[in-house]
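Going by my numbering, the first residue of the sequence shown is number 533, and it counts up by one from there.
Below is one structure; the comments refer to it alone.
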Amino acid sequence: MTSNTRTLKRKTITPALFVAGLVLVTGCSGNGGSVVSLPGSDHSGAGGPSTSVIYQFDQARVAHGDDQVPLVTMSPEGPITVRLSPDLAAAVPEGSTVAIDHYVVATTAFSTGICRLDADITYARGGQEALSIPTPDEGPRETGKPVQNVAKAIISHDHYSAQNVKVVEATPNNDAIENSSVYITADGSHLTSVHDCSKDPRETEDSFEIFFPYTAPRANQQFREYIASTHIAVTYGGGQSGGPGTTTTITGTVAADVNPAGKWVRQKS
């Protein structure tokens with residue numbers, strides 16, 4: 533994977549596997565919602581499961597990408613923590629530094645067919661500064677203010693340049709957002725992306741995509757590459773008894789290999 537490769541690889545989840553991903557075990561949560569238990573998911577919290585789901589690319593530990601079972605949550609679920617597992621974080625090339633520790637993601641689907649994704653961002657040490665600096669292969673038209681460069685580095689931007697990212701003092705409410713827009717707070721701690729909801733959660737083409745970049749030294753210059761990305765397909769519906777709500781389908785794409793024992797290892801050059 534080179535620094536010019538923004539999207540690692542988009543996939544379509546085959547219908548049979550997608551159905552398998554929808555085999556949910558639900559129970560009553562403390563706030564009247566449901567707790568969704570899926571293979572590879574983890575519900576943290578003392579005293580039993582909570583509505584905070586952790587996704588760390590365990591479902592992507594398969595020999596073939598099409599064998600991946602998506603993680604599916606339905607509202608009124610809580611936020612989703614997206615992070616690298618320890619062995620995946622260690623699979624970056626030697627001398628490289630991962631910029632993001634984790635995201636805490638929340639999704640909303642509106643009846644208009646527009647969806648929003650919100651992400652609280654926790655950076656690894658030095659990560660925000662590293663992402664704020666343009667890389668040698670980025671020209672003036674691709675870059676903006678430091679915090680705009682951060683947003684460009686961590687979310688799919690097929691329709692955005694860094695200069696189009698809207699810098700805000702606080703997370704915008706639903707009345708203040710516009711479709712096909714990306715917002716980031718001035719301190720870089722929170723990102724909001726708004727675009728059309730996914731038409732088909734099996735297809736990642738319409739999904740939100742957030743990245744785990746790392747800096748890679750090359751010829752005494754810092755280039756940016758990506759160890760993983762998360763495709764987050766958001767669709768309207770999925771509330772109680774099939775009513776209004778939000779369904780979130782998560783799959784991962786990883787630039788690492790899986791050894792026969794199922795552990796992430798560095799890709800062979």
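We put the beta carbon where it would ideally sit given N, CA and C, even for glycine.
Being a predicted model, the structure only gives us computed values, none of them experimental.
Annotation for D633: the continuous beta strand (DSSP E) segment containing it runs I632 to A641.
Taking a C-beta distance under 9 Å as the contact criterion, G676 and A662 do not qualify as a contact pair. When beta bridges are read from the DSSP output, V786 appears opposite A760.
Within the same chain, Cβ atoms closer than 8 Å to the Cβ of E701 are found at T717 and A718, the five residues on either side in sequence being excluded. Taking the Cα positions, S739 is about 9 Å away from I782. Per the C-alpha coordinates, the member of V766, R756 and G610 positioned closest to P668 is R756. Membership of A595 in any alpha helix (DSSP H) is not indicated, and neither H nor E is assigned to it by DSSP.
Taking each of K684, I709, S761 and G610 in turn and checking the Cα distance to A592, the smallest one comes out for S761.
The residue among N696, K800 and V726 with its C-alpha nearest the C-alpha of V766 is V726.
Here DSSP, grouped into helix, strand and coil, assigns S713 to strand.
Residue state for V682 is assigned as helix, using DSSP reduced to three classes. Inclusion of L616 and V637 in the CB contact set at 9 Å is not warranted, their separation being larger than that value. Counting along the chain, A662 sits inside no beta strand (DSSP E); it lies in the alpha helix (DSSP H) bounded by residues G659 to S664. Between P749 and G659, the CB-CB gap reaches or exceeds 9 Å. Rounded to whole angstroms, the gap between the alpha carbons of S664 and A685 is 8 Å. A distance below 6 Å between beta-carbons, with the five flanking residues on each side excluded, links T654 to the following residues of its chain, in chain order: D633 and H634. In the DSSP assignment, E670 is bridged to no other residue. Per DSSP, the unbroken alpha helix (DSSP H) holding A621 starts and ends at P618 to A621. Here D650 carries a strand assignment [DSSP, helix/strand/coil].
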